[in-house]
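Engineer: Sharing a structure, written as structure tokens. Questions coming.
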Amino acid sequence: MQVTRSQMLQFLCLLFCASFIETRYTADWTSLDSRPLPEWYDEAKFGIFVHWGVFSVPGFGSEWFWWNWKGALEFEYIVYMIKNYPIGFSYADFAPNFHAQFFDPDEWADIFEASGAKYVVLTSKHHEGFTNWGSPHSWNWNSVDNGPHRDLVGDLGDAIRK
């Protein structure tokens, strides 16, 4: 069968138009549940999400430490800061103390594998903007320029891929 130039042009136009078709979802469970689940994810059954960053330094509360202290003005956080840090201490002052000196990505990867986890997600940036990798967009507020002085995301990713 010989394909004519016209047929080829029509086919290419059809492909071009099809590239603009996208599935739209609405803000309701029925719509969201209609989204197909990636096969690998459905089969994995168990994965690990790691939340780790500057908020770990005070060892109090959660990854919402900054918001609970300065945004929501939660009493327990204010008292904690008064008891443990000097007046004028800011959230950014925690970053140099985020050393990650005991972080051994190979050991983490071994533990994750031994647990049976099929995937790992390291939260690379939290709401306060600190990135666990050397982002050029975080203006010195990242783990390469501040704190551990290393790419935590890259180090863990490399260890997991071994």
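For the sequence shown, our numbering gives the first residue as 3, with consecutive numbering after it. Glycine residues also receive a C-beta, built at the ideal position from the N, C-alpha and C atoms. Being a predicted model, the structure only gives us computed values, none of them experimental.
Could you tell me the boundaries of the beta strand (DSSP E) in which Gly49 lies?
Structural biologist: Translated into the one-based positions of the sequence shown, residue 49 becomes position 47. Start and end: 49 to 52.
Engineer: Would you check if the distance between the CB atom of Glu65 and the CB atom of His129 is smaller than 9 Å?
Structural biologist: As a first step, residue 65 must be located in the sequence shown, where it is residue number 63. As a first step, residue 129 must be located in the sequence shown, where it is residue number 127. Going by C-beta atoms, Glu65 is nearer than 9 Å to His129.
Engineer: From His53 to Gln4, what does the alpha carbon distance come to, in whole angstroms?
Structural biologist: In the sequence shown, the residue the question calls residue 53 occupies position 51. In the sequence shown, the residue the question calls residue 4 occupies position 2. Using only the alpha carbons, I get a separation of about 59 Å.
Engineer: Have a look at the DSSP bridge pairing and note the partners of Tyr121.
Structural biologist: Taking the sequence shown and counting its residues from 1, one reaches residue 121 at position 119. Beta-bridge pairing links Tyr121 to Gly49.
Engineer: Decide yes or no for the touch test of the segment 73 to 83 against the segment 54 to 63: beta carbon pairs closer than 8 Å, at least 3 of them.
Structural biologist: Yes, the segment 73 to 83 is in contact with the segment 54 to 63.
Engineer: Between the alpha carbons of Pro38 and Lys164, how many angstroms are there, rounded?
Structural biologist: For the purposes of this step, residue 38 is identified with residue 36 of the sequence shown, where counting begins at 1. For the purposes of this step, residue 164 is identified with residue 162 of the sequence shown, where counting begins at 1. About 30 Å.
Engineer: Let me know the secondary structure DSSP gives Lys85 once reduced to three states.
Structural biologist: Here residue 85 is taken as the residue at index 83 of the sequence shown, counted from 1. Lys85: helix per DSSP, three-state reduction.
Engineer: Skipping 5 residues on each side, what residues in its chain have a beta carbon closer than 7 Å to that of Trp110?
Structural biologist: What you label residue 110 is simply residue 108 of the sequence shown in a count that begins at 1. Correct list, in chain order: Leu158, Ala161.
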